[in-house]
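Only one structure is covered here, and it is reproduced in the block below.
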Amino acid sequence: MSELWKEYAKSDSRYLTSDSFVLSVEGFTVAAIATSIDLRTFCLAMPSTRPQLRLTLPDVDVDTVIDTEKLPVLNPEDLAHPADIQGLVDHYTDMDYAKGRVSILAFLYLYSCIIPKDMRGLGIELSVRSHIPVGAGLGSSASFSVCVAAALLNISGKLMGPGKRQLSPEDLATINKWAFDAEQVIHGTPSGIDNTVSTYGGFIYYQKGRETQTIQSKHPLRVIITNTRAPRNTRALVSGVRELWTK
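Using the numbering used here, you'd call the opening residue of the sequence shown number 109 and step up by one each time.
Below is the structure:
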């Protein structure tokens, strides 16, 4: 087989996506303006002669292998919540989650739902590298989710064929939907804004449950972002906000 990788972006050609930056938030992300910035995540998927998945994430020191035949074939409706994938993975495999647990689970969720049964004999080696600091609140997990979803959807033949530089609006919507599911595996109850801006790029006005609007700017916007190197746990922050909201 030839290479199974393709660049995903409006400006380049590997599966890549930029990270997100939220400019303003109204009422606990009821509505927000967000933009992508010039930091990239790259995903390379290659065929393997063995029926195995190999996931390599050098930025978080993950290199894991699992037999494809051990993974269930899922529909999203099979799980009450995407994060429930952990119970199935624990049941079917003996994986070690010492490093990169949520990234591995998000990848396995996407693989189990997207890749059909008749393709399970295909081995895939998937590597993801990123310029985005992990745990800095800049949407690194959303960028990861978009890249992996786009790569697996392309491999399964559910997107445009290789060589077509532009993705259709339907393709982008499909990628965004699966990336949001992966974000639920990672964060529990994300708003959906990070995966949306990582999928579509540019400026967007986002309100959950409504059509995303693209914002055109006549003038360049300069933003200074400083990495404090203080790690953030988005899942804990989201849970805390939701708890305050429901009180």
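Ideal placement from N, C-alpha and C gives every residue a C-beta, glycine not left out.
Under the three-state reduction of DSSP, residue 140 is assigned to strand. Closest in C-alpha terms to residue 248, from the list 150, 188 and 184, comes 150. For the pair of segments examined, the region 231–238 was found not to touch the region 274–289: the number of CB pairs separated by less than 8 Å stays below three. In the displayed model, residue 305 falls within a helix according to three-state DSSP. Contact between residue 254 and residue 193 fails: their C-beta atoms lie close to 18 Å from each other, not under 8 Å. Along the length of the region 207–290, whole beta strand (DSSP E) runs at least 3 residues long occupy 231–238, reported in chain order. Under the three-state reduction of DSSP output, residue 180 falls in the coil class, being neither helix nor strand. Shortest Cα-Cα distance from residue 211 to any of 172, 182, 180 and 227 involves 172. Annotated three-state conformation of residue 294 is helix, per DSSP.
A direct Cα-to-Cα measurement between residue 242 and residue 209 gives close to 14 Å.
At a Cβ-Cβ threshold of 8 Å, residue 219 and residue 161 count as neighbours.
Just so you know, the alpha carbons of residue 224 and residue 264 end up roughly 7 Å apart.
DSSP places residue 155 in the strand class (E or B) of the three-state scheme. The continuous beta strand (DSSP E) containing residue 170 extends over residues 170–175. Note that the C-beta distance between residue 258 and residue 283 is below 8 Å.
In this structure, residue 215 and residue 168 do not form a Cβ contact; the two beta carbons are roughly 12 Å apart against a cut-off of 8 Å. Taking a C-beta distance under 8 Å as the contact criterion, residue 146 and residue 159 do not qualify as a contact pair. Non-local C-beta neighbours of residue 334 in its own chain, meaning closer than 6 Å and more than five positions away in sequence, are absent. Taking a C-beta distance under 8 Å as the contact criterion, residue 299 and residue 311 do not qualify as a contact pair.
By the Cβ-count criterion, residue 186 is exposed, with fewer than 16 other Cβ atoms from all chains shown falling within 10 Å of its own Cβ. Counting along the chain, residue 165 sits inside the beta strand (DSSP E) bounded by residues 160–165. The three-state secondary structure of residue 194, taken from DSSP, is helix. With respect to residue 196, residue 184 sits apart: the two C-beta atoms are not nearer than 8 Å. Contact check for residue 142 and residue 301: beta-carbon distance about 5 Å, within the 8 Å limit, so the pair qualifies. Contact between residue 239 and residue 148 holds, with the beta-carbon distance rounding to 5 Å and staying under 8 Å.
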